[in-house]
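Residue numbers (the UniProt record's numbering), protein chains in the order written: chain W, 1 to 417; chain Y, 1 to 99.
No residue lacks a Cβ here, since even glycine has one placed at the ideal position from N, Cα and C.
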Amino acid sequence: MGSKSFKVAGKVYTSVADSMPSFIANSNGAEGNTGQSSRVSNVGPHEQSIGFRGGAYNSTSLINQTMHPDLQFSSYEKLQGQNISQPNQVSNSDTSTEDPDDKIQSFDVDPSNPFMASGSNDKQKDKFPEQKTQRRLAQNREAARKSRLRKKAYVQQLENSRLKLTQLEQEVQRARKQGVVISNTGDQSQPNSGNGSLAFVAEYSRWLEEQSKHTSELRAAVTSHKSDSELRSLVENATTHFNDIFRLKKIAAKADVFHIIYGMWTSPAERCFLWIGGFRSSELLKLLVSHLEPLTEQQLASIDHLQQTSLQAEEALSQGMDALQQSLADTLARDAPVVPPGSSGMANYMGQMAMAMGKLGSLENFLRQADHLREKTLQQLHTILTTRQSARALLAINDYFSRLRALSTLWLARPQE
Amino acid sequence: MDRVKDLASKSAAVIFTKSTCCMCHSIKALFYDLGASPAVYEVDHDADMEWALRRLGRNPAFPAVFVGGKYVGSAKDVISLHVDGTLKQKLIEAKAIWF
């Protein structure tokens, strides 16, 4: 693992070579791990451990705990200096048989506390030169190895956190845009879709804000038991506003039908239920019945009938969409995969493309008819209901979609493992 | 136009279509689902009829739907009438369906 810079929560950290001492030497934020021995002597023990500022780093706390006050940094530095170019070991096996004159402070190394100086000194080393040295060195190596592994794990953790953070930032951004998804390729600047969809995103946000205003007004009126005539005008305003979305969608679809019809403007949870660019009115009616009670027998029957009617129309439109899909596939699959060279081949290809273009063009009509069905169905519902029931219906519809949007926001912001 | 009117009056429910039009497919499906058996005429190869139907003013002009010999409109009109129950009523009156 070489030295590299990465960002965690906006701060730049530089990972250093594997050996623990090098880490310590460079942990005050220096770049790279090359001979920085001169720095070490200027740095106190605690500063040495701040390398990963704010990071929960086991080895850091380990260093804190095990940094023995007796440990001479100058001699430590020397030890360090020998290891810079051989980043694998605390004590270098190549120099393990170094001369006793070496000022390295000898210490018994406990594998879990590699830097603990336990008071051994040069004299002891002289008594059992080879054996003890070898044992010590082996223990050092072991300790260093473990430290490296710990550090590796930690850095890996940091990398993952960084990725997670970037993801989270993106998702928050997305959620702020009412859950409108920006494609992963990041290519929102395509010629057609760019302008059309961006404009619609703004319009839709505005619509949502106004929608919530209308809803609040309506809710206040319902709970304060306003008169029917007052309620009626509020209901009419709210309905007019609700229908405005269909007009906005129609305009946006001219610029980019795919963005609208495939629900890129909706929140993810709403998109679960997507049918030709929006909700299914038959489903909405099913959900509303429980919120509108008490209903008369006549009303129940009428609503049931309306639901069936809507469903019929939905099925018909769905069949048309299927036919469109099939036809498009047939058109594009018609000729042999390899267009024969020559002008006639090219003419076929162009003809094929022209036909396919025409078919795509009809998507806009399907969206329009689907929205028309939604608008008409809701309009028909209001003729069945009393004013007060209409108000409650509008509130229920709004609450339902608000919850779907809230769910989407939560979903997008969820912690991911 | 005469030919159009002629054909339109021959059957209780008549739909003029174009082969490339998938919405026509939807409206046909709706009529079948209602139990009506509409007479379907493809006007791809009849420029006069196509032109006559376009002159009726709807955009898109197809499908062009007639019930009981009278022009109902295109897909949008059919959906409107279907939702408020008028379509079924007209079909019953024209004896395209009985209930």
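Query, Result
"Within chain W, the residues that residue 142/Y reaches when beta carbons sit closer than 9 Å", "What is shown of chain Y runs 1 to 99, which leaves residue 142/Y out entirely."
"Close-in-space but distant-in-sequence residues of the same chain around E167/W (CB under 8 Å, 5 per side omitted)", "In the sequence as presented, Glu is not what sits at residue 167/W; that position holds Gln. Cβ within range, chain order: Q416."
"Short Cβ contact (8 Å threshold) for L317/W with I276/W", "yes"
"Where the stretch 290-313 of chain W meets chain Y: residues whose CB sits under 9 Å from a CB there", "H305, L306, T309, S310, Q312, A313"
"Exposed unless 16 or more other CB atoms sit within 10 angstroms - verdict on H5/Y", "His is not the amino acid found at residue 5/Y; the sequence shown has Lys there. Exposed, because fewer than 16 other Cβ atoms sit within 10 Å of the Cβ of K5/Y."
"Limits of the alpha helix (DSSP H) - the one that residue 114/Y falls within", "Chain Y is shown only over 1 to 99; residue 114/Y falls outside these bounds and no answer can be derived."
"Y32/Y classed as buried or exposed, judged by whether at least 16 other C-beta atoms fall within 10 angstroms", "exposed"
"Cβ of L30/Y within 8 Å of any chain W Cβ", "yes"
"Residue-chain proximity (H45/Y, chain W), Cβ-Cβ < 8 Å", "no"
"F66/Y and V14/Y closer than 8 Å at C-beta", "yes"
"Sufficient close CB pairs (3 or more, under 8 Å) joining the stretch 372-388 of chain W to the stretch 293-310 of chain W", "yes"
"CB-CB length for A36/Y against A96/Y, believed under 8 Å", "4 Å"
"Chain-order list of residues whose beta-carbon lies under 8 Å from that of K88/Y (same chain, five-residue window excluded)", "L34, H82, I97"
"Listed by chain order, chain W residues near P60/Y by CB distance under 9 Å", "S362, N365"
"Same chain, Cβ closer than 7 Å to T215/W, neighbours up to 5 away in sequence not counted", "L395, N398"
"Cβ neighbour criterion (16 or more within 10 Å) applied to residue 418/W", "The requested residue 418/W is not part of the displayed model; chain W covers only 1 to 417."
"Residue-level contact to chain Y via CB, H372/W, 8 Å cutoff", "yes"
"Residue interval of the beta strand (DSSP E) (run including A13/Y)", "13-17"
"Where S26/Y meets chain W, residues with beta-carbon distance less than 7 Å", "A316, L317, Q319, G320"
"Neighbour-count burial assignment, E210/W, 16 or more Cβ in a 10 Å radius", "exposed"
"Continuous alpha helix (DSSP H) stretch holding V235/W: start and end", "228-255"
"Rounded straight-line distance, which links the Cα of S74/Y to that of D48/Y", "19 Å"
"Per-residue burial, F200/W [other beta carbons within 10 Å of its own, 16 or more giving buried]", "buried"
"Cβ shell of A94/Y (< 6 Å), same chain only, five flanking positions each side left out", "A12, V67, G68"
"D44/Y versus D322/W - alpha carbon distance", "22 Å"
"For M23/Y and G358/W, believed in contact at Cβ under 8 Å, the rounded distance", "With a Cβ gap of about 12 Å, G358/W and M23/Y do not count as contacting."
"Chain-ordered residues of the stretch 56-89 of chain Y with a beta carbon less than 7 Å from chain W", "P60, A75, K76, I79, S80, H82, V83, D84"
"Three-state secondary structure (DSSP) of G69/Y", "coil"
"Assumed close pair L234/W, L208/W - CB separation to whole angstroms, cut-off 8 Å", "Wrong, their Cβ atoms sit about 19 Å apart, outside the cutoff."
"Partner residues on chain Y for A323/W, Cβ-Cβ distance less than 7 Å", "C22, H25"
"Beta-bridge partners of G278/W, as assigned by DSSP", "W275/W"
"Straight-line gap, K151/W to Q139/W (C-alpha atoms, nearest Å)", "18 Å"
"Residue interval of the beta strand (DSSP E) (run including A39/Y)", "39-42"
"Segment limits, alpha helix (DSSP H) that includes K88/Y", "86-93"
"Status (buried if at least 16 other CB within 10 Å, exposed otherwise) for E270/W", "buried"
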